[in-house]
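Novice:
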Amino acid sequence: MLTNPILSGFYPDPSIVRVEDDFYMVTSSFSFFPGVPIFHSRDLAHWEQIGHVLDRESQLSLTYEMISGGIFAPTIRYHEGTYYMITTNASMQGKNFIVTAKDPKGPWSELHVIEGAVGIDPSLFFDDDGKVYYTGSAGYGEEPGVWCSEIDLKKMELVGERKVLWAGALKNAASPEGPHIYKKDGWYYLMISEGGTEHYHAITISRSKEVMGEYEGFEGNPILTHRHLGKNYPICNVGHGDLVELKDGSWYMVMLGSRLMGGYHKIMGRETFITPVTWEDGWPVVSYGTGKVELSYPSPESLPVNGTKEKRAVVLDHFDGDKLGMEWNFLGTPYEDFVKLQDSCLMLKLLKKQITPWELDGIGTSFYEKYLLIGKTKECVSFLGRRQQHKSFEVMVKLVFLPEESEHAGLVVLQNDAHQLRLECCLNEKGDPCVKCVSTKLLVKEERQYYKEECHGSVEVNMTKDKPAIYLKIKGNETNYSFYAGTSKEQLVAVCENVDGGFLGSETAGGFVGAYIGMFASGVTETKEKYAAFDWYSYVPIEG
Ligand code: 6LW
327 MLTNPILSGF YPDPSIVRVE DDFYMVTSSF SFFPGVPIFH SRDLAHWEQI
377 GHVLDRESQL SLTYEMISGG IFAPTIRYHE GTYYMITTNA SMQGKNFIVT
427 AKDPKGPWSE LHVIEGAVGI DPSLFFDDDG KVYYTGSAGY GEEPGVWCSE
477 IDLKKMELVG ERKVLWAGAL KNAASPEGPH IYKKDGWYYL MISEGGTEHY
527 HAITISRSKE VMGEYEGFEG NPILTHRHLG KNYPICNVGH GDLVELKDGS
577 WYMVMLGSRL MGGYHKIMGR ETFITPVTWE DGWPVVSYGT GKVELSYPSP
627 ESLPVNGTKE KRAVVLDHFD GDKLGMEWNF LGTPYEDFVK LQDSCLMLKL
677 LKKQITPWEL DGIGTSFYEK YLLIGKTKEC VSFLGRRQQH KSFEVMVKLV
727 FLPEESEHAG LVVLQNDAHQ LRLECCLNEK GDPCVKCVST KLLVKEERQY
777 YKEECHGSVE VNMTKDKPAI YLKIKGNETN YSFYAGTSKE QLVAVCENVD
827 GGFLGSETAG GFVGAYIGMF ASGVTETKEK YAAFDWYSYV PIEG
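Per the working numbering, residue 327 is the first one in the sequence shown, and the count goes up by one each step.
#1: CB-CB under 8 Å to V819, same chain, minus the five flanking residues each way: which ones, in chain order?
#2: Report yes or no: do three or more beta-carbon pairs, one from the segment 670 to 680 and one from the segment 840 to 855, lie closer than 8 Å?
#3: Short of 6 Å in beta carbon distance, which residues of its chain neighbour A495, apart from the five on each side in sequence? Order them along the chain.
#4: Between T353 and V439, what straight-line distance do the alpha-carbon atoms span, to the nearest angstrom?
#5: Note the first and the last residue of the continuous beta strand (DSSP E) segment covering E833.
#6: Between K481 and G615, what straight-line distance do the alpha-carbon atoms span, to the nearest angstrom?
#7: Thinking just about the alpha-carbon of each residue, which of L479, T461 and I843 is nearest to the one in V472?
#8: Determine the burial state of G688: buried for a count of at least 16 other Cβ atoms within 10 Å of its Cβ, exposed for fewer.
#9: In three-state terms, what does DSSP make of F860?
#10: Flag G519 as yes when its Cβ comes closer than 7 Å to any non-hydrogen atom of ligand 1, and as no otherwise.
#11: What is the residue span of the beta strand (DSSP E) that S367 lies within?
#12: Measure the Cβ-Cβ separation of Y578 and I600 and say whether it is below 8 Å.
#13: So within the segment 789 to 847, which uninterrupted alpha helix (DSSP H) runs reach at least 4 residues, ignoring any that extend past its ends?
#14: Please go through the same chain and pick out, in chain order, the residues whose beta-carbon is closer than 6 Å to the beta-carbon of G831, but skip the five residues on each side of it.
#15: Considering only residues of the same chain and omitting the five flanking positions on each side of A859, which have a CB-CB separation below 6 Å?
#16: Do you know how far the Cα of I402 is from the Cα of N902?
#17: Here's the rule: buried if 16 or more other CB atoms are within 10 angstroms of the residue's CB, otherwise exposed. What is K278?
#18: For Y807, which option in S384, V631 and E720 has the closest C-alpha, if you only look at C-alpha atoms?
#19: In its own chain, which residues sit with a C-beta less than 6 Å from the C-beta of K815, not counting the 5 before and 5 after it?
#20: With distances taken Cα to Cα, identify the nearest neighbour of C706 among P683, G456 and E780.
#21: Quick check on the DSSP output: the beta strand (DSSP E) that includes Q375 runs from which residue to which?
#22: Closer than 8 Å is the cut-off here; do at least three beta carbon pairs connect the segment 343 to 358 with the segment 640 to 648?
#23: Assuming K799 contacts M722 under a Cβ cut-off of 8 Å, what Cβ separation, rounded to an integer in Å, is found between them?
#24: Hey, would you say D453 sits closer than 8 Å to V537, going by beta carbons?
#25: Shorter than 7 Å, the distance from the beta carbon of H506 to the closest heavy atom of ligand 1, or not?
#26: Are the beta-carbon atoms belonging to Y390 and G658 less than 8 Å from one another?
#27: My assumption, with CB atoms under 8 Å, is that A744 sits in contact with T766. Please give the rounded CB distance.
#28: R596 lies in the beta strand (DSSP E); which residues open and close that run?
#29: If you scan the segment 692 to 779 from start to end, which runs of the beta strand (DSSP E) of 3 or more residues do you find wholly inside it?
#30: Going by the CB atoms, is the gap between V379 and M411 shorter than 8 Å?
#31: Which of the three DSSP states, helix, strand or coil, is assigned to R533?
#32: Leaving out the 5 sequence neighbours to the left and right, which residues in its chain are closer than 6 Å to E780 when beta-carbon positions are compared?
#33: For I412, which three-state DSSP category applies?
#34: Counting Cβ pairs, one atom from each stretch, are 3 or more of them under 8 Å apart for the segment 727 to 734 and the segment 744 to 756?
#35: For G688, does the three-state DSSP call read helix, strand or coil?
#36: Only counting the same chain, and skipping five residues up and downstream in sequence, which positions put a Cβ closer than 8 Å to that of T408?
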């Protein structure tokens with residue numbers, strides 16, 4: 327059975343390739359590090375992460391100024407023994423680059439920046455005559471449309487003129503982007519997305535006898551959208567897809583979509599879904615007979631069902647090894663050594679920079695002004711998190727930390743710097759250790775942004791000074807988040823229950839990412855080095 331989403335949680339803009347019996351898929355990663363997670367499957371149902379394409383500073387240099395900057399939609403392709411991944415780093419003046427590997431597990435090469443390649447969403451097409459083509463979306467300030475140019479992969483440079491191929495199916499289509507070219511039965515098919523990556527997202531297609539055009543749009547466009555299904559339909563935003571042909575000649579499409587939680591709330595952001603594709607009269611029919619992304623499909627007949635990965639596996643990390651598991655992400659490139667694995671604990675250094683907005687500082691800054699701050703600093707935030715992947719889950723940690731003045735450590739449900747729910751260990755007004763539940767929200771007044779912090783509950787905790795251990799637990803159920811703490815794992819007390827986390831959805835918070843449940847630490851540590859120790863972290867999926 328193919329059960330959707332095939333990658334739950336924040337995994338947008340999927341791109342897929344088949345190499346003999348193996349399928350590989352990559353997704354966007356924005357300002358999280360390492361970048362571009364890569365997955366493997368043999369049955370299209372079970373996907374196992376095999377690494378990250380961008381796993382070192384020389385490939386990926388990011389700061390935490392803008393979570394939705396960084397790495398946009400990647401494309402993965404394979405040709406004659408080499409894997410190619412091409413993408414945009416929005417935080418590197420929007421440069422488009424290629425990295426290559428002989429083994430998709432890595433190591434991947436250093437960046438080959440493609441000079442003159444404007445816009446986002448680059449893709450590669452290998453034609454039968456040995457020529458290779460680059461497609462991408464229009465550059466900043468240009469007429470919307472997708473363009474194409476031949477590319478020389480030995481020199482890693484564009485060849486000849488670039489030509490606009492298609493501007494989408496609708497007249498004045500919004501955001502024609504995410505192009506991929508495929509060849510089938512003597513036709514070149516150009517599949518793109520339009521309508522913007524939110525509710526009106528759609529996938530459309532055109533075809534041509536020549537790779538550089540003229541492309542003729544399909545009269546039956548769009549071939550996939552959920553925009554007409556209403557805002558109560560449980561899967562929305564469907565778009566940005568990539569096609570794959572199986573050995574037996576059947577076709578599938580992977581695409582992004584968002585599952586709604588507790589109303590029109592997209593807390594987990596954009597996830598990866600799959601549908602079968604059939605061809606009729608030379609054009610694709612997506613999800614034959616229903617025309618929309620279903621929650622499940624029969625497994626492809628020609629593929630062995632050999633996956634083992636349990637979709638609702640409990641994750642319990644004791645931080646015993648000397649390397650972090652692949653599910654963990656930093657926010658920005660970890661320039662400083664603020665994270666270490668020591669004595670079977672994850673040690674997070676208390677850094678001065680907090681995970682809440684520091685530039686807005688309650689005064690107000692426009693989105694654009696904030697964008698200009700990208701790359702201005704290399705300061706890190708002390709954060710390590712994994713994605714929220716289920717509508718209902720429980721996360722628990724054991725934290726060893728005795729807070730002093732201005733010091734905080736704990737758990738955070740993070741959509742971005744200004745949309746968070748935190749369960750944090752700190753000092754209360756009396757100067758005693760306590761655990762607080764605090765929300766950070768962004769408010770917009772007269773086009774200026776302000777952020778607001780609110781305490782939803784606080785409990786005092788009696789920690790022993792020599793071994794100050796505390797258990798923190800967050801329970802999420804749709805938009806309700808509940809927070810618990812205690813010095814004994816068996817006797818946790820409620821700090822506050824059923825806090826409305828609807829504001830964490832990307833429809834309110836904006837941006838391209840999805841919720842993380844992370845650990846963090848901050849404090850003024852100019853004179854001393856202090857760490858918060860996380861002994862273990864468990865993530866228990868409950869539903870969805
Ligand atoms: C991506 C664009 C889009 O580059 O959103 O869904 C942008 N589509 O194609 C960021 O994910």
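In this text, a Cβ means the ideal position worked out from N, Cα and C, and glycines have one as well.
It should be emphasised that the depicted structure is a prediction, and the values quoted were computed from it without experimental measurement.
Specialist: This is what the structure gives:
#1: Working through the sequence shown from its first residue, we reach residue 819 at position 493. Result list for V819: V785, Y810, A811 and G812, in chain order.
#2: yes
#3: On the sequence shown, residue 495 is found 169 positions in, with the first residue counted as 1. T530, G543 and N547.
#4: Counting from one through the sequence shown, the residue named residue 353 turns up at place 27. Counting from one through the sequence shown, the residue named residue 439 turns up at place 113. Whole-angstrom Cα-Cα distance: 19 Å.
#5: Start at 1 with the first residue of the sequence shown, and residue 833 comes out as number 507. Not the beta strand (DSSP E): E833 falls in the alpha helix (DSSP H), residues S832 to A835.
#6: Locating residue 481 in the sequence shown gives position 155, where the first residue counts as 1. Locating residue 615 in the sequence shown gives position 289, where the first residue counts as 1. If you take the alpha carbons of K481 and G615, they lie about 46 Å apart.
#7: The sequence position of residue 472 within the sequence shown is 146, counting from 1. The shortest Cα separation from V472 among L479, T461 and I843 belongs to T461.
#8: In the sequence shown, the residue the question calls residue 688 occupies position 362. In this prediction, G688 has a pLDDT of 45, which is less than 50 and means its spatial position is unreliable; what the coordinates show is noted afterwards. The residue is exposed, with fewer than 16 neighbouring Cβ atoms inside 10 Å.
#9: As a position in the sequence shown, residue 860 is number 534, starting the count at 1. Strand.
#10: Indexing the sequence shown from 1 puts residue 519 at position 193. Before going further, note that residue 519 is Ser rather than Gly in the sequence given. Yes - ligand 1 has a heavy atom lying nearer than 7 Å to the Cβ of S519.
#11: In the sequence shown, the residue the question calls residue 367 occupies position 41. Unbroken beta strand (DSSP E) run through S367: G361 to S367.
#12: For the purposes of this step, residue 578 is taken as the residue at position 252 of the sequence shown. For the purposes of this step, residue 600 is taken as the residue at position 274 of the sequence shown. Cβ atoms of Y578 and I600: closer than 8 Å.
#13: 832 to 835
#14: Counted from its first residue, the sequence shown places residue 831 at position 505. Taken in chain order, the residues that qualify are H591, K592 and I593.
#15: The residue given as residue 859 occupies position 533 in the sequence shown. Around A859: C671, M673 and V726.
#16: Absent from the structure is residue 902, since the part of the chain shown begins at 327 and ends at 870.
#17: Shown here, the chain extends from 327 to 870; a query on residue 278 therefore has no answer.
#18: Your numbering for residue 807 matches position 481 in the sequence shown. Selected option, being the one with the closest Cα: E720.
#19: In the sequence shown, residue 815 corresponds to position 489, counting from 1. Y797.
#20: For the purposes of this step, residue 706 is identified with residue 380 of the sequence shown, where counting begins at 1. The residue with the shortest Cα to Cα distance from C706 is P683.
#21: Taking the first residue of the sequence shown as position 1, residue 375 is located at position 49. Element bounds for Q375: E374 to L380.
#22: Judged by Cβ distances under 8 Å, the segment 343 to 358 makes no contact with the segment 640 to 648, as fewer than three pairs qualify.
#23: By 1-based counting over the sequence shown, the position of residue 799 is 473. By 1-based counting over the sequence shown, the position of residue 722 is 396. With 8 Å as the limit, K799 and M722 qualify as a contact, their Cβ atoms being about 4 Å apart.
#24: Counting from one through the sequence shown, the residue named residue 453 turns up at place 127. Counting from one through the sequence shown, the residue named residue 537 turns up at place 211. Cβ distance < 8 Å, so D453 and V537 count as in contact.
#25: Counted from its first residue, the sequence shown places residue 506 at position 180. The answer is no for H506.
#26: Against the sequence shown, residue 390 aligns to sequence position 64. Against the sequence shown, residue 658 aligns to sequence position 332. In this structure, Y390 sits near G658, with a CB-CB distance shorter than 8 Å.
#27: Along the sequence shown, read from residue 1 onward, the residue named residue 744 stands at position 418. Along the sequence shown, read from residue 1 onward, the residue named residue 766 stands at position 440. Their Cβ separation, rounded to whole angstroms, is 6 Å, which keeps A744 and T766 in contact under 8 Å.
#28: One-based indexing of the sequence shown puts residue 596 at position 270. Per DSSP, R596 is not a residue of any beta strand (DSSP E), being assigned neither H nor E.
#29: 709 to 713, 718 to 726, 734 to 742, 745 to 753 and 759 to 771
#30: Along the sequence shown, read from residue 1 onward, the residue named residue 411 stands at position 85. Along the sequence shown, read from residue 1 onward, the residue named residue 379 stands at position 53. The answer is yes: Cβ separation under 8 Å.
#31: Counted from its first residue, the sequence shown places residue 533 at position 207. R533: strand per DSSP, three-state reduction.
#32: For the purposes of this step, residue 780 is taken as the residue at position 454 of the sequence shown. Same-chain partners within the cutoff: S765.
#33: If you number the sequence shown from 1, residue 412 lands on position 86. Correct three-state label for I412: strand.
#34: The answer is yes - the segment 744 to 756 touches the segment 727 to 734, with three or more Cβ pairs under 8 Å.
#35: Counting from 1 along the sequence shown, the entry for residue 688 is found at position 362. Its pLDDT being 45, under 50, G688 is placed unreliably in this model, and the coordinates cannot settle the point.
#36: As a first step, residue 408 must be located in the sequence shown, where it is residue number 82. The residues are T426, A427 and K428.
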